[in-house]
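J.: Dropping a structure here in structure tokens format, bear with me for questions.
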């Protein structure tokens, strides 16, 4: 399912216009992103938790040349599914 298909499905299920659903989704994405950027964790009970995961700097290898390269430290989003969400998928 792509973004447009998701927007259509939500609009039909909620009885809303596609434009309104798209605005809500963009607002949700912006709000979660800002919260993670500020170091907060976003928890939706029954659905899951978004948080920031830190990766330490490390050494790697270029697969084409075999030369050693340095991989910089970075942060990335991490999602942990909640129990109700996992249970719904595993029915």
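Numbering (my numbering), first residue to last: 184 to 274. Beta carbons are placed, not taken as given, at the ideal position from N, Cα and C, and that holds for glycine.
Distance check for residue 192 and residue 274, CA to CA, integer angstroms please.
T.: 22 Å
J.: Would you call residue 228 buried or exposed, if buried means 16 or more other Cβ atoms sit within 10 Å of its Cβ?
T.: Exposed.
J.: Residue 239 and residue 256: beta carbons closer than 7 Å?
T.: yes
J.: What number of angstroms, rounded off, separates the C-alpha of residue 207 from the C-alpha of residue 241?
T.: 39 Å
J.: Per DSSP, what kind of secondary structure is residue 226 in: helix, strand or coil?
T.: strand
J.: If you compare alpha carbons, which of 198, 261 and 215 is closest to residue 235?
T.: Of the candidates 198, 261 and 215, the one whose C-alpha sits nearest the C-alpha of residue 235 is 261.
J.: Just the C-alpha distance for residue 271 and residue 196, rounded to the nearest angstrom, thanks.
T.: Cα to Cα, residue 271 sits roughly 18 Å from residue 196.
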